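K.L.:
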Amino acid sequence: MNPLPTPFRSCRGTRPARSARLAAAALPLLLLATACAPDMGKQPKYKPLAPSSTFRDGRSARPAVKGTVPRGGLRLDERFFKGRSGGNLVGTAPIQVNRKALERGRDRFDVFCSPCHGHVGNGDGMVILRGFRKPPSFHIDRLREAPDGYIFDVMTNGFGAMASYASRIPPEDRWAITAYVRALQLSQGARIEDVPDRERPKLLGAKR
Ligand code: HEC
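Numbering-wise (our numbering), the sequence shown opens with residue 5 and increments by one.
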């Protein structure tokens, strides 16, 4: 058995040590008792929008310095945030369109767009069946030929009776939805020539 080093051994079990331990245990309780809520609650402070006589404009909250950019608010990439380049709508989405993006796009489309546009984009969603203005089908030539930036722009700024979704769908997801809308357009407008040779018999068989 190894004896404890002297400094520890010397003070074990002695009276002063026991009372010191007691004091240490009681300290948090003591602090709780003294630092009670009313003092904190009554500290001098301005509540939001409270007036102040300190400043000439009478407001306690100071306006942000001109040109202040909120954290995460620097949006210099015009292609990504506005779907434009030099003011013109971009032709293709500035994200990597892969399976992951398309699956995300489908998920978000089904949540945010399908209630009106329907699951394949025909414009016959439940909200429309209940009387909301019917949107055009995504499968008309005009929307097939529209650049990716256009689909993104409609979501970002709204279009006619359709509200903007910018506050609810972040840009990355708006691009994913754009890619999925393109996939829907392909799927609904597919011709037999688009199907690889070896897959065709399966489809033709299924039709009969
Ligand atoms: C509340 C119903 C509603 C929802 C939800 C909705 N839309 Fe629409 N959308 C409309 C209507 C209505 C129009 C036609 C507006 C008009 O012509 O006044 C439209 C038009 C469009 C158009 C065609 C614009 C044109 O040039 O004709 C696109 C593209 C579109 N929406 C995409 C989307 C996408 C993507 C979403 C999901 C993020 C979405 N919409 C969600 C109702 C909706």
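Note that the Cβ used here is the ideal one computed from N, Cα and C, for glycine as well. Note that the structure is a prediction, hence the values are computed from the model and not measured.
Rounded to the nearest angstrom, how far is the Cβ of residue 183 from that of residue 97, given a contact under 8 Å?
P.N.:
Counting from 1 along the sequence shown, the entry for residue 183 is found at position 179. Counting from 1 along the sequence shown, the entry for residue 97 is found at position 93. Right, the Cβ-Cβ distance comes to about 6 Å (below 8 Å), so this counts as a contact.
K.L.:
So what's residue 93 in DSSP terms, helix, strand or just coil?
P.N.:
To locate residue 93, count along the sequence shown from 1; it is residue 89. Strand, per DSSP.
K.L.:
Please work out which residues of its chain come closer than 7 Å, Cβ to Cβ, to residue 140, disregarding the five sequence neighbours upstream and downstream, and give them in chain order.
P.N.:
To locate residue 140, count along the sequence shown from 1; it is residue 136. Only 127 and 147 meet the Cβ criterion.
K.L.:
What is the DSSP secondary structure of residue 6, counted as helix, strand or coil?
P.N.:
Counting from one through the sequence shown, the residue named residue 6 turns up at place 2. Caution applies to residue 6, whose pLDDT of 49 falls short of 50 and renders its modelled position unreliable; the value that the coordinates give is listed next. Coil, per DSSP.
K.L.:
With a Cβ-Cβ cutoff of 8 Å, do residue 109 and residue 180 count as a contact?
P.N.:
Residue 109 sits at position 105 when you count from the first residue of the sequence shown. Residue 180 sits at position 176 when you count from the first residue of the sequence shown. Yes; because the gap between Cβ atoms is below 8 Å, this pair is in contact.
K.L.:
Does the stretch 197-210 come within contact of the stretch 147-163, defined as at least 3 CB pairs closer than 8 Å?
P.N.:
Taking 8 Å as the limit for Cβ pairs, the verdict is that the stretch 147-163 does not touch the stretch 197-210.
K.L.:
Decide if residue 189 is buried, meaning its Cβ has at least 16 other Cβ atoms within 10 Å, or exposed.
P.N.:
The sequence position of residue 189 within the sequence shown is 185, counting from 1. Looking at its Cβ environment, which holds 16 or more other Cβ atoms inside 10 Å, residue 189 is buried.
K.L.:
On a CA-only basis, which of 178, 156, 59 and 119 is nearest residue 136? Give me that one, please.
P.N.:
Within the sequence shown, residue 136 is the residue found at index 132, counting from 1. Checking every option, the nearest Cα to that of residue 136 belongs to 119.
K.L.:
Could you check the C-alpha separation between residue 79 and residue 85 for me, to the nearest Å?
P.N.:
Residue numbering aside, residue 79 sits at position 75 when the sequence shown is read from its first letter. Residue numbering aside, residue 85 sits at position 81 when the sequence shown is read from its first letter. Roughly 7 Å separates the two Cα atoms.
K.L.:
Do residue 109 and the ligand HEC come close, with the Cβ less than 7 Å from some heavy atom?
P.N.:
Counting from one through the sequence shown, the residue named residue 109 turns up at place 105. Not under cutoff, so the answer is no.
K.L.:
In angstroms, rounded to a whole number, what distance separates the CA positions of residue 156 and residue 75?
P.N.:
Sequence index remark: in the sequence shown, residue 156 carries index 152 (1-based). Sequence index remark: in the sequence shown, residue 75 carries index 71 (1-based). Roughly 24 Å separates the two Cα atoms.
K.L.:
Classify residue 63 as helix, strand or coil using the three-state DSSP reduction.
P.N.:
Start at 1 with the first residue of the sequence shown, and residue 63 comes out as number 59. Strand at residue 63.
K.L.:
Note down the Cα distance separating residue 193 from residue 204, rounded to an integer number of angstroms.
P.N.:
By one-based count along the sequence shown, residue 193 stands at place 189. By one-based count along the sequence shown, residue 204 stands at place 200. Those two C-alpha atoms are separated by around 16 Å.
K.L.:
What does a CB cutoff of less than 6 Å around residue 125 pick up in its chain, not counting 5 residues either side in sequence?
P.N.:
Taking the sequence shown and counting its residues from 1, the one referred to as residue 125 is at position 121. Counting only Cβ-Cβ distances below 6 Å, and skipping sequence neighbours, we find 142 and 188.
K.L.:
Can you tell me whether residue 61 is buried or exposed? The criterion is at least 16 other CB atoms within 10 Å of its CB, across all chains shown.
P.N.:
Along the sequence shown, one-based indexing puts residue 61 at 57. When all chains shown are included, residue 61 counts as exposed.
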